[in-house]
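K.L.:
Here it is, the structure in full.
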Amino acid sequence: MAERPIGERVRRALVRARVRQRLRNRRRLAGRVLTGVVCLAAGLMITISAVNARGIDLRPARNTDLISLVRSESRRNADLADQAATLRSEVDQLAANGSRTEQDSELNARSLAAGLRPVTGPSLTVTLDDAPADVVANGIDQDLLVVHQQDIQSIVNLLWAGGAEAMTIQGQRVISTTGIKCVGNTVVLHGVPYAPPYRISAIGNQAQLRRTLDNSEFVRIYQQYVDRFRLGYQVDTKAHDRFPAYRGSLDLKYAQVPSTSPSPHR
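So the sequence shown is numbered by our numbering: it starts at 238 and just counts up by one.
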């Protein structure tokens, strides 16, 4: 085959270069047109959304709902607090303006007995505490080295039997529905856990309260553990003490009202 002249080869190379350039130009034009179409479609969608929204949020998220709920509940709580304050003020005013009748005296007496009024007077305090950490009792149950709920209950019952007029445990007023529960290494009173030492205070005749403690079988046995394992037991008196009123709930959750005519057990 005869070799083509150099001029022919140059001409063909130039033609191929022009063809490739035209193809590149067409691709660039198509890309620009496609970009313009996408931008136009996006702008059209944004415009339609703005028109339909009319100034409101088309995407109500959970955060928006929660914020609204919190605000409404806050307003409701504020309104209820205002109502309670108003009613309390009205009750106080009526009580101040009312005459002292026999019913008023009976109500005050019952409120005092129920622990709903603060009281003052001479007090006696019994403090119970666990044995120190350095006490080693080989072969002895560790439960014997700590204060249990039954220990506190025994002291409470003794003080009531000794004529206590009012009582507190850890500074909380004790009433007829007070329950003492042992949870782990703490004692729960009115839903609040307390760690030792446990302080049981009673207002009443101090000499009589102390005699009741000293003559009890429980304290005599407890003192043996105090001497052997160094459990804490201390009795203090105070000439003038003040106990706060009970401020917890008075609702009973588990108690049941007995029937008027219960059937006898056989």
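In this text, a Cβ means the ideal position worked out from N, Cα and C, and glycines have one as well. Note that this is a predicted model, so its numbers are computed, not measured.
1) Kindly give me the distance between the Cβ atoms of residue 434 and residue 366, rounded to whole angstroms, as I take these residues to be in contact under 8 Å.
2) If you check the beta carbons only, do residue 362 and residue 438 fall under 8 Å apart?
3) Measuring CA to CA, which of 444, 442, 427, 446 is closest to residue 483?
4) Which one or two residues does DSSP pair with residue 480 in a beta bridge?
5) Around the C-beta of residue 423, are 16 or more other C-beta atoms found within 10 angstroms, so that it is buried, or is it exposed?
6) Measure the C-alpha to C-alpha separation of residue 295 and residue 283 and round it to an integer number of angstroms.
7) For residue 429, is the classification buried or exposed, using 16 other Cβ atoms within 10 angstroms of its Cβ as the cut-off for buried?
8) Classify residue 469 as helix, strand or coil using the three-state DSSP reduction.
9) Taking just the CA atoms, how far does residue 431 sit from residue 442?
10) What's the gap between the Cα of residue 473 and the Cα of residue 377?
11) In angstroms with no decimal places, state the Cα-to-Cα distance between residue 460 and residue 470.
12) Residue 402: which of 321, 285, 276, 480 sits nearest, CA to CA?
13) List, from N- to C-terminal side, the beta strand (DSSP E) runs of 3 residues or more that fit wholly inside the stretch 384 to 411.
14) Give me the residue from 451, 476, 383 with the minimum Cα distance to residue 399.
15) Taking the C-alpha atoms as reference points, what is the distance between residue 360 and residue 379?
16) Below 8 Å on the Cβ atoms is my contact criterion, and I expect residue 381 with residue 466 to pass it. Report the Cβ-Cβ distance as a whole number of Å.
17) Is it the case that the Cβ atoms of residue 411 and residue 425 are separated by a distance below 8 Å?
18) Taking the alpha-carbon positions, what's the residue 369 to residue 389 distance?
19) Where residue 456 and residue 354 are concerned, what is the direct C-alpha to C-alpha distance, given to the nearest angstrom?
20) Less than 8 Å separating the beta-carbons of residue 436 and residue 364?
21) What first and last residue would you give for the alpha helix (DSSP H) that runs through residue 450?
22) What three-state label does DSSP hand residue 377 in the structure shown?
23) Within 10 Å of its beta-carbon, does residue 405 have 16 or more other beta-carbons around it, so buried, or fewer, so exposed?
P.N.:
Working from what's here:
1) 4 Å
2) yes
3) 427
4) 356
5) exposed
6) Per-residue confidence for residue 295 stands at a pLDDT of 47, beneath the threshold of 50, marking its modelled position as unreliable; the derived number appears in the next sentence. Straight-line Cα distance between these residues: approximately 12 Å.
7) exposed
8) strand
9) 28 Å
10) 30 Å
11) 8 Å
12) 480
13) 403 to 406
14) 451
15) 33 Å
16) 7 Å
17) no
18) 18 Å
19) 31 Å
20) yes
21) 443 to 451
22) coil
23) buried
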